[in-house]
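Numbering (our numbering), first residue to last: 463 to 513. All C-beta atoms, glycine included, are put in the ideal place defined by N, C-alpha and C. Quantities reported herein were computed from a predicted structural model and do not represent experimental measurements. Data block below; observations after.
This is the structure:
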């Protein structure tokens, strides 16, 4: 099972629970699609700030 970093609390505790990924640390839930969009936006902004 793959575990992801939570976009809310930044802990490595976001686990798939069927239709959602759930963080046991801060009780955050997000769909896989929304997480991908969130990560893509974060990666784009971090790359552009380095230039």
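query                                                                                                                                      : result
For residue 492, is the classification buried or exposed, using 16 other Cβ atoms within 10 angstroms of its Cβ as the cut-off for buried? : buried
If we ignore side chains and look at the alpha-carbon of each, how far apart do residue 498 and residue 466 end up?                        : 11 Å
Do you know how far the Cα of residue 476 is from the Cα of residue 483?                                                                   : 6 Å
Return the first residue and the last residue of the beta strand (DSSP E) that residue 484 is part of.                                     : 483–485
Indicate whether residue 504 and residue 490 have their beta-carbon atoms separated by less than 9 Å.                                      : no
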